[in-house]
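Student: Take a look at this one; I'll ask things after.
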Amino acid sequence: MENSNLPFAQHFSKLREQPKWGLKLIIAIVVIALSTAVGAMSIDYNEIYQDAGASAQDMGNMQMIGLIGGIVAGLIGGIFGIGITFLIFLVISKIMKSDATAKPIFSATLSFTIITGIVGLIILLIQWIAGLSPTDYNIASLNVFDKGNQMLGTLNLQTLISAYVFGIMLFATNRLSKKASIIWAIVYIVVSIGFALIGASFQ
1 MENSNLPFAQ HFSKLREQPK WGLKLIIAIV VIALSTAVGA MSIDYNEIYQ DAGASAQDMG
61 NMQMIGLIGG IVAGLIGGIF GIGITFLIFL VISKIMKSDA TAKPIFSATL SFTIITGIVG
121 LIILLIQWIA GLSPTDYNIA SLNVFDKGNQ MLGTLNLQTL ISAYVFGIML FATNRLSKKA
181 SIIWAIVYIV VSIGFALIGA SFQ
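With full-length UniProt numbering, letter number 173 in the sequence shown gets 173, and the count goes up by one each step, no holes.
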């Protein structure tokens, strides 16, 4: 396993013996905070509140409230998401009768969060620099061709990258077989797209 040439395989494999998590938890929270801040700053609140018929003064106040609220909610949601992801990995480990213990799995969860979070942060930074609001576009998805099309936004490169890291973590840290890891990665993609489609249908 340590000799695998797959990206991140050696990293996740080493976590079985060296499950460090303290510094990684701080890094994960910082990445989440930066992502929520950049994401909130990328949103065109003026356009949103103009459509709601707000005055210029009201828009200024609501923009600040929306920005702060978005950052706080995103940070809390991100930290909560780490816990949910850890529980999912732990449950899969028990179902598949993996010998990985909770500490390596938690360390791997943080690595998963950091890797996927950095990918998302890079995408958000590009959109922020380009002046593309994430409520209109996601340059990692097909909705880049159709502004505001949330259905196309569900077909997302980030989902594929996250599914790959998800599968590699199960393969290298939990020591699942390649076949089982691929199946779980496919399940990840299906569930992620499914929830995204449900969310898009309500918008």
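C-beta: ideal position from N, C-alpha, C; glycine also.
Could you tell me the alpha carbon to alpha carbon distance between residue 71 and residue 39, rounded to whole angstroms?
Tutor: So the alpha carbons of these two residues sit roughly 8 Å apart.
Student: Closer than 6 Å by C-beta to residue 176: which residues in its own chain qualify, once you throw out the five before and the five after it? Chain order, please.
Tutor: Around residue 176: 96 and 170.
Student: Following a CB-centred definition, is residue 88 positioned closer than 7 Å to any heavy atom of the ligand MG?
Tutor: Questions concerning the ligand MG fall outside what the structure shown contains, since it holds no ligand whatsoever.
Student: Please check the pair residue 13 and residue 134, which I expect to be a contact at CB under 8 Å, by giving their CB distance rounded to whole angstroms.
Tutor: Actually they do not touch by this definition, with Cβ atoms about 35 Å apart.
Student: Are the beta-carbon atoms of residue 24 and residue 107 separated by less than 8 Å?
Tutor: Yes, Cβ-Cβ distance for residue 24 and residue 107 is below 8 Å.
Student: With C-beta atoms as the reference, is residue 166 less than 8 Å away from residue 196?
Tutor: It is not a contact, given that the beta carbons lie outside the stated cut-off.
Student: Would you report the Cα separation of residue 2 and residue 148, rounded to the nearest angstrom?
Tutor: With a pLDDT of only 49 at residue 2, under 50, the local geometry of the prediction cannot be trusted, and no value is derived from it.
Student: In its own chain, which residues sit with a C-beta less than 6 Å from the C-beta of residue 28, not counting the 5 before and 5 after it?
Tutor: If we look at residue 28 and ignore the five residues flanking it on each side, its Cβ neighbours are 110, 113 and 114.
Student: Run through the segment 124 to 201 for me and flag every whole beta strand (DSSP E) of 3 or more residues, listed as ranges in chain order.
Tutor: Listed in chain order, nothing qualifies, since the segment 124 to 201 has no complete beta strand (DSSP E) run of 3 or more residues.
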